[in-house]
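For the sequence shown, position 19 (counting from the first letter as 1) is numbered 19 according to my numbering, and the numbering increases by one without interruption.
Below: one structure, written as structure tokens.
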Amino acid sequence: MPEITWFKDLSTIIQAAFATAAIMGAAIFAIFKLQLFRDFAPHLFVSHSINHRPIGNSYVHLDVTIALHNSSRVKVALQKGKVFLQEIAPVPDDQELEERLEARSFIGDDRPFSQWPVLDTFEFDHGRYDLIIEPGQTFQHTLEFVIDKEITTIAINSFFYNSNFRSGKKRPESWGARTVYDIFNS
1 MPEITWFKDL STIIQAAFAT AAIMGAAIFA IFKLQLFRDF APHLFVSHSI NHRPIGNSYV
61 HLDVTIALHN SSRVKVALQK GKVFLQEIAP VPDDQELEER LEARSFIGDD RPFSQWPVLD
121 TFEFDHGRYD LIIEPGQTFQ HTLEFVIDKE ITTIAINSFF YNSNFRSGKK RPESWGARTV
181 YDIFNS
């Protein structure tokens, strides 16, 4: 009967190995497919792509594409956003702005770019229906602006707000980007 005992021992070892492999396989499946250990904080990367072309002798057409990339493992629900276009150069004929530039008083100012003249704005408002960006997805939106040909440098500022923020926070999470763009007229 020693042969039967050896067979029982071998079958017990094989059974334990299969049980261990099944438990480890289920754990790996849960980690990757069910995303049990994921980060629940949304992360959104905002970027701008800007092109321009002259329109006649007086104007420039700006083509601004805003890309919102969800680099987190949770969906991001955006309800509102704002984009504004500002003139950086030539410096507008504004004595107070020129004095601030000469005094370098922008450093430490709580309004870092609000002093520049706003040329145009665009607001995103999805109302009751949020713009949902799933993990790994990118949402792109293209805006078009027409500005005076005398303007040589602009700034594009965009801000987006997460409407599904956690109740423990005092305010919604937000993301933004700022791009300064030089227009070379040909």
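Just so it is clear, CB atoms sit at the ideal spot from N, CA and C, and this is done for glycine as well.
Where the beta strand (DSSP E) containing residue i begins and where it ends
{"i": "P54", "result": "44–55"}
{"i": "R128", "result": "No beta strand (DSSP E) holds R128; DSSP gives it neither H nor E."}
{"i": "K80", "result": "76–89"}
{"i": "L143", "result": "138–148"}
Residue i at chain D interface by Cβ criterion, 9 Å
{"i": "F139", "result": "Protein chains in the displayed structure number just one, and chain D is not present."}
Alpha-carbon to alpha-carbon, residue j and residue i
{"i": "I183", "j": "T138", "result": "27 Å"}
{"i": "H48", "j": "K75", "result": "21 Å"}
{"i": "Q140", "j": "L62", "result": "16 Å"}
{"i": "W116", "j": "N157", "result": "12 Å"}
{"i": "A77", "j": "H52", "result": "31 Å"}
{"i": "N162", "j": "D125", "result": "12 Å"}
{"i": "Q86", "j": "V46", "result": "18 Å"}
9 Å Cβ cutoff met for residue i and residue j
{"i": "T142", "j": "I66", "result": "yes"}
{"i": "D148", "j": "V60", "result": "yes"}
{"i": "L44", "j": "Q79", "result": "no"}
{"i": "F160", "j": "D120", "result": "no"}
{"i": "I88", "j": "A155", "result": "yes"}
{"i": "G136", "j": "S71", "result": "yes"}
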